[in-house]
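Numbering (the numbering used here), first residue to last: 47 to 179.
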């Protein structure tokens with residue numbers, strides 16, 4: 047993988063990511079109070095089938111309660127995304143201060159990467175259908 051020097055804006059973005067992750071953790075009591083008042087899934091209400099993100103709220107709440115296995119059962123992709131958001135928020139500013147580089151991604155992404163991403167999303171939806179359907 048090729049790397050290039052990080053711009054000032056990218057370094058600022060890394061710190062913004064860290065602040066967002068810290069705020070998400072600090073606001074845990076607020077999330078726990080607001081979650082019961084969230085509306086039901088509109089896609090499911092219209093079609094009768096769960097959408098690809100159904101179970102995300104359950105996964106987030108399980109993570110907030112410290113139950114990662116329950117979160118994985120609810121929605122593995124949402125759980126992975128939430129954990130990557132938090133861990134990335136910790137790692138990004140450290141990486142920028144130590145390495146001062148960012149990966150140089152090809153545009154467009156290789157077909158194999160795009161197919162793998164779509165397959166991951168499809169498998170995630172199949173999981174959601176099996177658990178919540």
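Ideal Cβ positions, reconstructed from N, Cα and C, are used throughout, including at glycine.
Quick one: residues in its chain with C-beta nearer than 7 Å to the C-beta of residue 67, no 5 flanking neighbours on either side, listed in chain order? 131, 132, 135 and 136
Jot down the residue ranges of each uninterrupted alpha helix (DSSP H) in the region 67-121, minimum 4 residues, whole runs only, in chain order. 74-80, 88-93, 102-110 and 114-120
Nearest-angstrom Cα distance between residue 49 and residue 146? 10 Å
Is it right to say residue 102 is buried, meaning 16 or more other beta carbons lie within 10 angstroms of its own, or is it exposed? buried
In terms of residue numbering, what span does the alpha helix (DSSP H) encompassing residue 163 cover? 157-178
If we count the other Cβ atoms within 10 Å of its Cβ and call it buried at 16 or more, is residue 47 buried or exposed? exposed
My output table needs one value for residue 149: the three-state DSSP class, helix, strand or coil. strand
Proximity of residue 122 and residue 170 at Cβ, strictly below 8 Å: yes
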